[in-house]
Every structure is written in structure tokens, then in C-alpha cells.
Amino acid sequence: MWVKISDLTPGTKVGKDILTKHGSILLTQGTVLTEYLINRLKEMGITEVFVETEFLQKSEPPNEREDVITFNDKYQQCLILTSQLLDSIEEGKKFSLELLREIACIVLEILRNTTNLWGRILNQRTETTYLNKHSLNVGILSGAMGKWLELKDGEIRRLIYSGILHDIGKLKISKSILDKPSKLTEEEFKEIQKHPVFGFQMLATRPEISKDITLGVLSHHERVDGSGYPHGLKGDSIHLFGKIIAVADVFDAMSSNKTYREKHSPFIIAEEISKSSFGTLDPKVSRIFLDNITRFYVGNKVLLSDGRTGDIIYINPSDTHRPVIKINDNTFLDLRKEKVRIVDIVSL
Ligand SMILES: [Fe+2]
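Quick note on the working numbering: the sequence shown kicks off at 630 and runs consecutively.
So, in C-alpha cells, the structure goes:
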């Protein structure tokens with residue numbers, strides 16, 4: 630049904646693409662309106678929007694503040710438990726599967742209730758080690774991908790386990806190599822490349838841990854063109870968990886501040902993943918990931934490589950890393966046709 634712009638409430642779902650006078654798409658069908666987007670539409674002279682009536686009757690406007698507080702609580706809780714888990718593994722203790730189950734339960738709750746998953750993760754300020762945070766983020770993102778790929782519930786849970794455990798082999802590698810601020814020597818790089826096998830060996834002694842979890846750990850650095858390690862496997866000989874964890878791993882690693890470089894914006898990473906999906910990363914897994922991770926950025930303000938700022942108003946489904954940006958009332962940039970890139974997200 631058509632609803633006047635003044636009667637729209639946050640939480641309403643757009644039923645048909647919203648177009649400008651010139652026919653360009655402003656918002657696509659299925660976008661959930663926020664207060665920010667409704668105000669933007671008003672500013673752009675849109676008077677009526679076709680909305681999904683089924684959604685109007687059923688839904689309550691989302692309480693964004695509450696969502697953020699709940700997410701932050703659960704994320705911090707998971708982080709403490711992940712630190713405990715990795716500490717016990719580092720001390721050579723037999724880690725508790727109960728602890729792993731507890732983390733996965735909270736991660737599943739996060740996945741059920743959080744829409745802008747990556748925006749929420751990016752906003753977390755933590756004092757923990759890189760490995761603790763990275764392990765948790767890869768567990769969360771892998772679980773999210775399991776959902777988007779419509780895996781069974783049990784598989785999603787095991788994928789979260791595998792994501793959290795994917796780098797435990799690094800606990801066997803000297804900190805002086807792992808934390809080295811400068812470029813690694815060939816020898817040191819070879820040492821780091823042993824971590825998937827170390828991780829696999831640490832889990833293989835536990836018969837209660839299922840095979841797909843250990844194979845995910847073993848194969849997360851394999852690449853579909855055979856360029857990865859430890860075995861140089863190609864295409865479908867790489868376990869699905871390994872392919873999923875690989876995408877989550879690349880995305881989180883590029884998003885983090887490392888000693889030797891600044892973190893990248895999600896759109897630059899999306900561009901890298903998009904390029905890699907034609908060679909090293911699995912194309913189907915990468916596509917599903919990019920479609921889902923970038924769509925929540927509609928409505929956010931971004932900084933462009935030429936210094937200008939603007940609002941994301943449309944994510945191109947075929948080119949998720951090059952959205953349409955509104956610079957001001959008269960200037961719209963379709964980044965598919967421009968040389969400028971998004972270098973940062975100014976508001977989330
Ligand atoms: Fe790794």
C-alpha cells in the first residue's frame with residue numbers, strides 16, 4: 630500500500646524500489662526504513678512510499694538503542710569467555726567444551742537479534758589481545774555466513790566453534806614472530822604457516838570434537854586456486870568450513886588496526902574480497918558475505934578518497950563495494966562510474 634511520507638514510521642519495509650524524478654533508484658524494495666532514511670526521503674521531495682503491509686501489521690519499530698546495549702553486553706560476555714578459553718589452551722590445559730558451547734549460544738543469540746552486525750562489531754572498544762578479538766569475530770562472522778548460506782542449525786553451531794578455534798595453532802608459535810612489527814623473514818613466515826596444522830593436531834586428540842570443526846581449522850588458509858597452505862588444495866577439495874572461515878578471516882584481519890598498518894574501511898575490504906572471489910576465495914561464499922555485510926550501510930555518511938563526504942543511498946547488488954552516494958541535493962555519484970572510493974565511514 631502507498632503511505633504518505635509524513636505517516637511513515639521507523640521499522641517499515643519498502644515494498645517497491647523508490648526512484649528519483651530522473652528514475653535512479655534511491656532505496657530498494659525490502660529496505661527497512663529508519664528515522665534517518667525517512668528524513669532523507671523527505672529532503673529529497675519524496676511524498677509517498679509503497680510499503681509492505683504485512684510488515685506494517687506485524688512489526689514494532691525497532692528500538693535501536695536497546696539493540697545496541699544488548700549487543701554490547703553479549704559481545705563483551707563472549708570476549709571474556711573466549712579469552713578464558715584461549716588462555717587455558719595456551720597453558721596446555723584440556724580446554725572445556727562447555728565453555729565453547731556457552732560462547733556459541735551467545736553468538737547464536739547475537740545472530741538472531743542483530744541487524745547491522747559488522748557496524749556493531751566495529752564500534753566495540755576492547756582492551757583484549759588481537760587473537761582473542763579476532764577469534765571471536767571470525768566465529769561470529771562465520772556463524773552469520775552459515776545462516777546466510779542456509780546451513781542446518783547443528784552445522785552453524787559447529788561452524789562457530791571452528792571459527793573461534795581457527796587460529797589456536799598460533800598459541801604454539803613464538804610471540805616474537807607473531808607480534809613482530811616489521812616484515813617477516815622467509816623463515817619466520819614458514820613458521821607462522823604451520824599454525825593450521827598445529828591447530829588441527831591440538832583438536833585431533835579430542836575425539837568428541839567433530840571432524841568438520843577440525844577440518845575448518847586445518848583448511849582456513851587454503852585458497853580455491855591452489856595458492857594457499859598447508860596443502861595447496863584447490864576448489865571443492867577445500868572443506869566448506871575452511872572456505873567460509875577464510876572470508877571471515879580476511880575481512881576481520883583487514884578491518885583491524887595492526888602494528889604495521891591502519892585498518893581499512895569495509896568498502897575497501899569488500900572490494901578486495903570481490904577481487905579475490907575471482908581467484909583465491911570461494912565465489913559463492915564471498916558473494917553472500919558481501920551482499921549481507923554491506924547492505925546495512927545505506928543511510929550512513931562516508932568519506933571519499935577525494936576528501937568529499939556524502940551519504941550512501943543505494944548499494945548496487947552486483948557491485949556492493951561501489952554504492953551510490955548523495956553529495957548534496959543536486960549531486961549523486963554512482964561509484965561504479967567514478968574513480969573515487971570510500972575510504973572511511975564517518976557515522977555508523
Ligand atoms: Fe590463520
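Glycine included, each C-beta is placed from N, C-alpha and C at the ideal position. Remember, it's a predicted structure, so these values are computed and weren't measured experimentally.
Asked, Found
"Any idea what DSSP makes of Gly936, helix, strand or coil?", "coil"
"For the beta strand (DSSP E) containing Arg916, list its first residue and its last residue.", "Where Arg916 is concerned, there is no enclosing beta strand (DSSP E), although the alpha helix (DSSP H) it sits in stretches over 912-923."
"Leaving out five residues on either side along the sequence, give the residues of the same chain with a beta carbon under 6 Å from the beta carbon of Phe998.", "Outside the shown range of the chain, which is 630 to 977, sits residue 998, and nothing can be said about it."
"Run through DSSP, which three-state label would Phe724 get?", "coil"
"If you measure from the CB of His570, is any heavy atom of ligand 1 nearer than 7 Å?", "The requested residue 570 is not part of the displayed model; the chain covers only 630 to 977."
"Specify the secondary structure class of Phe961 as computed by DSSP and reduced to three states.", "strand"
"Given this structure, state the Cα-to-Cα distance separating Ile971 from Pro836, to the nearest angstrom.", "47 Å"
"So is the beta-carbon of Asp796 under 7 Å away from any non-hydrogen atom of ligand 1?", "yes"
"Work out the CA separation of Glu779 and Gly861 for me, nearest whole Å.", "28 Å"
"So the candidates are Ala833, Ile941, Gly748; which of them puts its Cα closest to the Cα of Asp881?", "Gly748"
"Can Val879 and Met774 be called in contact, C-beta distance under 8 Å?", "no"
"Going by DSSP, what residues sit across from Trp631 in a beta bridge?", "Phe679"
"Does the Cβ-Cβ distance between Thr923 and His950 come in under 8 Å?", "yes"
"Which residue wins for smallest C-alpha separation from Ile956, given the options Pro946, Val767, Gly936?", "Gly936"
"What residue ranges within the stretch 796-840 form continuous alpha helix (DSSP H) runs of no fewer than 4 residues, ordered along the chain?", "804-807, 815-821, 824-833"
"Please state the DSSP three-state secondary structure of Ile943.", "The identity of residue 943 in the sequence shown is Tyr, whereas the question assumes Ile. Strand."
"Confirm, please, whether the CB-CB distance from His824 to Leu844 is below 8 Å.", "no"
"Could you check if His868 belongs to the surroundings of ligand 1, using beta carbon to heavy atom distance under 7 Å?", "no"
"Would you check if there are 3 or more beta carbon pairs closer than 8 Å linking the stretch 751-762 to the stretch 841-856?", "no"
"Report the CB separation of Tyr943 from Val953 in whole angstroms; it is logged as a contact under 8 Å.", "4 Å"
"Applying the 10 Å Cβ sphere with the 16-neighbour rule, what's the burial state of Phe907?", "exposed"
"For Val931, list the residues DSSP reports as bridge partners.", "Gly939, Ile974"
"Relative to ligand 3, is the shortest distance from any of its heavy atoms to the C-beta of His824 smaller than 7 Å?", "Because ligand 3 does not appear in the structure shown, any question about it cannot be addressed here, the ligands present being ligand 1."
"Report, in whole angstroms, the separation of the C-beta atoms of Glu817 and Lys809, which I expect to be a contact under 8 Å.", "7 Å"
"Can you check which of these residues, Asp973, Tyr790, Asp854, Gly871, is closest to Ala899 by C-alpha distance?", "Asp973"
"Just to confirm the assignment, what range does the alpha helix (DSSP H) spanning Tyr759 have?", "759-777"
"With a Cβ-Cβ cutoff of 8 Å, do Arg669 and Asp940 count as a contact?", "yes"
"Go through its chain and collect everything with a Cβ distance to Asp911's Cβ below 7 Å, but skip five positions before and after it.", "Val853, Lys872"
"Quickly, what does DSSP pair Ile954 with across the bridge? List them, please.", "Ile941, Leu962"
"Are the beta-carbon atoms of Gly772 and Ile785 separated by less than 8 Å?", "yes"
"List the residues that DSSP assigns as beta-bridge partners of Leu854.", "This sequence places Asp at residue 854; Leu is not what is there. DSSP lists Lys863 as partners of Asp854."
"Are the stretch 703-716 and the stretch 730-741 touching by the rule of at least three beta carbon pairs closer than 8 Å?", "yes"
"Does any heavy atom of ligand 1 sit closer than 7 Å to the C-beta of Asp878?", "yes"
"Would you kindly check if the distance between the Cβ of Phe700 and the Cβ of Ile675 is under 8 Å?", "no"
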